[in-house]
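>
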Amino acid sequence: LVMLMNGLETGILGLMGAVFCDYPTLIYTSGSIGLSLWFAETSAELLLAINRCLELLNPKLAHDIFKGNRTWWLTVVPSIYAVVLSLFTAPILFTGLYFSWFFNPYVGYNDDFGKIQGLLKCLYMLNMHGM
Numbered sequence: 042l043v044m045l046m047n048g049l050e051t052g053i054l055g056l057m058g059a060v061f062c063d064y065p066t067l068i069y070t071s072g073s074i075g076l077s078l079w080f081a082e083t084s085a086e087l088l089l090a091i092n093r094c095l096e097l098l099n100p101k102l103a104h105d106i107f108k109g110n111r112t113w114w115l116t117v118v119p120s121i122y123a124v125v126l127s128l129f130t131a132p133i134l135f136t137g138l139y140f141s142w143f144f145n146p147y148v149g150y151n152d153d154f155g156k157i158q159g160l161l162k163c164l165y166m167l168n169m170h171g172m
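Letter by letter, the sequence shown follows residues 42 to 172 of my numbering.
(1) Closer than 8 Å is the cut-off here; do at least three beta carbon pairs connect the segment 163 to 172 with the segment 118 to 127?
(2) For my contact list, glycine 149 and threonine 136 are in at a C-beta cut-off of 8 Å; report their separation, rounded to the angstrom.
(3) Out of curiosity, what's the CA-to-CA distance linking serine 84 and arginine 93?
(4) With DSSP run on the structure shown, which of helix, strand or coil describes threonine 130?
(5) Could you pull out every residue in the same chain whose Cβ sits closer than 7 Å to the Cβ of asparagine 2, ignoring the five residues on either side in sequence?
(6) Between which two residues does the beta strand (DSSP E) carrying phenylalanine 143 extend?
(7) For glycine 55 versus isoleucine 133, is the C-beta distance shorter than 8 Å?
(8) In angstroms, rounded to a whole number, what distance separates the CA positions of cysteine 62 and tryptophan 113?
(9) Tell me the residue span of the alpha helix (DSSP H) that contains alanine 85.
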């Protein structure tokens, strides 16, 4: 499902040169759903990696944990994780300037983040070396 957003929707929005101000509802909703699906996908991949490692290291334990319907119940954990994280994380937003999805809606317009980050790093380093 996330591939539809990554491939199809990104391509269509990119060809139109869309930014968040053009289609705020579509981009916000797609960004929230896409990020939630990405959270679910990566955590399900972690579950699969644990399964594969257990199959190699201790097949009996792997069979006990993942036998029957237990696998389906274990996949509920990544789903809940994805929903909770998507509720408390800002969505990714599309910009046609870079043909990609970003957390910063002003990417490509206002580059004050680098200036602020550089200033904070300088102050931090001066503070740490001054101690």
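We treat Cβ as the ideally placed atom computed from N, Cα and C, and that holds for glycine.
In short:
(1) no
(2) 6 Å
(3) Distance between the alpha carbons of serine 84 and arginine 93: 14 Å.
(4) coil
(5) Missing from the structure shown is residue 2; the chain here goes from 42 to 172 and no further.
(6) 141 to 143
(7) no
(8) 41 Å
(9) That run of the alpha helix (DSSP H) goes 65 to 98.
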